[in-house]
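In the numbering used here, the protein residues as written are 1055 to 1586.
Even for Gly, the Cβ is constructed at its ideal location relative to N, Cα and C.
Notes follow the structure.
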């Protein structure tokens, strides 16, 4: 499209030519998807793509315009191709820079935000009222069963009374503890407030600091080339001088205001970007048209006005990248709201504490109460009062322990917890434990091993009816391999509800298998160090 009127096709024809030419340019750029990403992302490759595509765009414009009006469009093809390549590279490079800069600012902001959250976590004080209510609710369920055991009259039907106590425990597990543990253990994804990303590009422009001399010289060259291409050398130089002068005035006013009123900087720079095209348009009209008598094409004048701020941003990107980045990072740090940082840190801490309590309820309280219930059921089927009383006394002792103190105490993990699993299910199932000698695996791996073994043993007893279980931990390179075998009735590997499959998919995705064998069921899980 010509910047200033000179004998050439009419505007509608130019619009059609521009659309076709831009289509050719865009098509060539899209073909870069066929280039391997590693090559395509190199700056040199991107520059070559833009230059070649811009040259093709110029060739299309020259061919179509010359074919439609050879007399009115007599520009040399080489000149047309070179200027189109240059202008296309500047325009697309500027747009690409702004898009990539905004992505970088988003990523930088997230990094700074989470760094601030990590520091703020140490200052978080979390009221545990909700967790206290949950502990009280579970403790009340245990107390109710304990009272039921205390009220047992050995002179009456002891078997029926033991069965009723066992049913109370099963109900407490199914209706209270299991739903609570699942709710608490559910993954809670904490994210920074999305509204904070809205002003990142504004921050970039606020800290924008273009080099004046380089900007004016290159801007005059770019506008001059475009104007000379369509209006001749004399008018081209005049338009370039007017455009560069208007940009220089705006930039000098910006510098003066920032030096006089530093606190105005966040608003002065964005206003300067807005003022650049307005100043260019007014200058071309008042100086070019009214004083010098240049008759501008409205569409061409608009192109020049828009090209000025884009070109200035591009020039700034080329000559001040690191300085701009440092200023923007400083601005992003100031933009972080400490109140929101504290809120996100508190959400993180709450989510972690909920998950810890959910894990404790599921892997300690639920297993223990289920084991007690099964022991009471077994005792209810026996006719040995002495053995039944021994089970009752053991259940009383375990249920009378203060749950709140137990929750807040140091929870055994790893090898110690594996040994506790054997004790929890004593009298219900004979559990053999085989651990490797030596110091193998990390604390994280052993913690995961204990949690998975706890889940597997509980499912073997409850769902499979197993009474003989083997828990073996082997070492393979940097991984621990947990193998749990039992003599239960067998469990379908595709089963979901209540059999830990969904839980294993979360904690050991793609690293576990369950199979039915002639002897029962075999579960194999590879435990890796997820922090390594």
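CB-CB length for residue i against residue j, believed under 8 Å
| i | j | result |
| --- | --- | --- |
| residue 1580 | residue 1535 | 5 Å |
| residue 1295 | residue 1270 | With a Cβ gap of about 10 Å, residue 1295 and residue 1270 do not count as contacting. |
| residue 1334 | residue 1300 | 5 Å |
| residue 1573 | residue 1523 | Not really, about 11 Å apart at Cβ, beyond 8 Å. |
| residue 1200 | residue 1517 | Incorrect: roughly 27 Å between the Cβ atoms, too far for contact. |
Cα-Cα separation between residue i and residue j, rounded to whole angstroms
| i | j | result |
| --- | --- | --- |
| residue 1267 | residue 1306 | 11 Å |
| residue 1163 | residue 1405 | 23 Å |
| residue 1438 | residue 1481 | 15 Å |
| residue 1204 | residue 1222 | 14 Å |
| residue 1547 | residue 1214 | A caution first: residue 1547 carries a pLDDT of 43, below 50, which makes its placement in the model unreliable, though a value can still be read off. Taking the straight line from one Cα to the other gives about 37 Å. |
| residue 1226 | residue 1161 | 47 Å |
| residue 1587 | residue 1390 | Beyond the ends of the chain as shown, which are 1055 and 1586, falls residue 1587; an answer cannot be given. |
| residue 1171 | residue 1414 | 26 Å |
| residue 1401 | residue 1228 | 29 Å |
| residue 1474 | residue 1166 | 43 Å |
| residue 1603 | residue 1220 | In the structure displayed, the chain extends from 1055 to 1586; residue 1603 sits before or after that span and is not available. |
| residue 1583 | residue 1308 | 56 Å |
| residue 1441 | residue 1558 | 38 Å |
| residue 1425 | residue 1217 | 14 Å |
| residue 1514 | residue 1174 | 44 Å |
| residue 1232 | residue 1319 | 58 Å |
| residue 1575 | residue 1490 | 22 Å |
| residue 1569 | residue 1577 | 7 Å |
| residue 1472 | residue 1206 | 33 Å |
| residue 1543 | residue 1487 | 21 Å |
| residue 1316 | residue 1292 | 35 Å |
| residue 1560 | residue 1416 | 15 Å |
| residue 1184 | residue 1562 | 30 Å |
| residue 1540 | residue 1168 | 46 Å |
| residue 1497 | residue 1409 | 18 Å |
| residue 1191 | residue 1495 | 37 Å |
| residue 1362 | residue 1338 | 13 Å |
| residue 1501 | residue 1533 | 13 Å |
| residue 1567 | residue 1210 | 48 Å |
| residue 1615 | residue 1110 | Nothing can be reported for residue 1615: it is not among the residues displayed for the chain, which extend from 1055 to 1586. |
| residue 1238 | residue 1194 | 19 Å |
| residue 1310 | residue 1304 | 10 Å |
| residue 1009 | residue 1432 | The requested residue 1009 is not part of the displayed model; the chain covers only 1055 to 1586. |
| residue 1499 | residue 1525 | 16 Å |
| residue 1340 | residue 1329 | 16 Å |
| residue 996 | residue 1468 | Outside the shown range of the chain, which is 1055 to 1586, sits residue 996, and nothing can be said about it. |
| residue 1224 | residue 1504 | 24 Å |
| residue 1412 | residue 1322 | 53 Å |
| residue 1485 | residue 1521 | 8 Å |
| residue 1565 | residue 1512 | 20 Å |
DSSP state of residue i mapped onto helix, strand, coil
| i | result |
| --- | --- |
| residue 1531 | coil |
| residue 1271 | helix |
| residue 1208 | coil |
| residue 1397 | helix |
| residue 1517 | coil |
| residue 1162 | helix |
| residue 1187 | helix |
| residue 1565 | coil |
| residue 1543 | coil |
| residue 1337 | helix |
| residue 1574 | strand |
| residue 1390 | coil |
| residue 1403 | helix |
| residue 1579 | strand |
| residue 1178 | coil |
| residue 1526 | strand |
| residue 1537 | strand |
Residue i Cβ short of 8 Å to the ligand SAM heavy atom set
| i | result |
| --- | --- |
| residue 1569 | The ligand SAM is not among the ligands present in this structure, which contains no ligands whatsoever. |
Closer than 9 Å to chain C by CB, residue i
| i | result |
| --- | --- |
| residue 1565 | Chain labels in this structure do not include chain C; a single protein chain is all it has. |
> How about the stretch 1388-1399 and the stretch 1438-1456: do they share at least three Cβ pairs that are nearer than 8 Å?
Replying inline: no
>> Which complete alpha helix (DSSP H) runs does the stretch 1431-1500 hold, if anything under 4 residues is left out?
In response: 1439-1453, 1457-1462 and 1469-1478
>> If we require 3 or more residues per run, which beta strand (DSSP E) segments fall completely within the stretch 1284-1328?
In response: none
>> Three or more C-beta pairs under 8 Å: does that hold for the stretch 1415-1424 against the stretch 1504-1512?
In response: yes
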